[in-house]
Amino acid sequence: MAKVFCIANQKGGVGKTTTAVNLAAGLAMAKQRVLLVDLDPQGNATMGCGVDKRALKSSVYQVLVGMASVQEATVHAEGFDVLPANRELAGAEVEMVEFESREVRLREALADVDGQYDFILIDCPPALSLLTLNALCCAHGVVIPMQCEYYALEGLSDLVNTIKQVCKNLNPNLTIIGLLRVMFDPRMTLAQQVSDQLEKHFGNKVFKTIIPRNVRLAEAPSYGIPGVMFDKTSKGARAYLSFANEMVARVNATAAVAA
Ligand code: ADP
Ligand code: MG
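Position 120, counted from 1, in the sequence shown is what the working numbering calls 137; the numbers after and before it change by one each time, with no gaps.
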């Protein structure tokens, strides 16, 4: 059975897609079978994996509205699979309102491919929308990327409350796997202060790995190659690789406790 994680934060530009793509590639490099689901109509994760979002026969949109299966819409990237997205997905939000059990459309669809992967990762849009709700209903855990800046904690309580609600009403298995500090600049005193504050508040929910601000990670999407594969020796790539390993260890530890 696949372990399903969504990468969520309702703020835009906080590193969700970069984290989703590099975690997918990092896990693939660690010999895990991975499906990356792009659940953002911007299709950045799709493009970042080298898949042309404008040339898709079907995408996650068709899957959500029942016009295609996950297998039909899935494409292969370098080392892992992608269930891609493009602008059409924005329409799904409106169309799904009509459906019964609209929050669990993705969960029901992914059940078909559950046995084929070790990890399914979902890149969420920057909103606590019906799409994000669909992601939260599928997931065993949420990874929350955040920048260590003044407003970092603002909005976090909305996300945490949403996760609690989903846990209570729709998906009792859901937990926050961890907070990931991204785009970290150690020269900024403020970043260090916020980072310390996060550790104090959230303890071991904060991943040990810190992702630095690194230009190679920002350049990689324009080549359609995940940063961890684009320049393996860069600081950013090495950080995301160690994050992938930390994820595997954390997931195994959680599984061992549950058993
Ligand atoms: P989100 O998906 O939350 O909107 P993105 O992952 O798209 O955020 O990141 C926003 C921007 O920041 C992108 O241009 C991305 O390339 C850049 N970026 C993300 N992480 C890093 C990093 N660690 N170092 C440098 N640039 C980064
Ligand atoms: Mg994004």
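We put the beta carbon where it would ideally sit given N, CA and C, even for glycine.
Cβ-based burial, residue i [other Cβ within 10 Å; buried from 16]
i	result
T35	buried
R204	exposed
S239	exposed
A325	With the chain covering only 18 through 276, there is no way to say anything about residue 325.
Q210	exposed
Backbone secondary structure at residue i - three-state DSSP
i	result
Q79	helix
T250	coil
R233	helix
M64	helix
T91	coil
V31	coil
M84	coil
D129	helix
K70	helix
F260	helix
L56	coil
V51	strand
V99	strand
Residue j beta carbon less than 9 Å from that of residue i
i	j	result
F136	V38	no
L56	L106	yes
E166	A208	yes
V245	L258	yes
P101	K33	no
Beta carbon proximity, residue i to chain D, threshold 9 Å
i	result
P143	Of the chains in the structure shown, none is chain D; there is only one protein chain.
The ligand ADP site residues, beta-carbon cut 6 Å against heavy atoms: G29, G30, V31, G32, K33, T34, T35, N61, P143, V199, M200, I228, R230, N231, L234, A235, P238, G253
Give the list of continuous beta strand (DSSP E) stretches no shorter than 3 residues that lie fully inside the segment 158-235. 158-164, 192-201, 223-229
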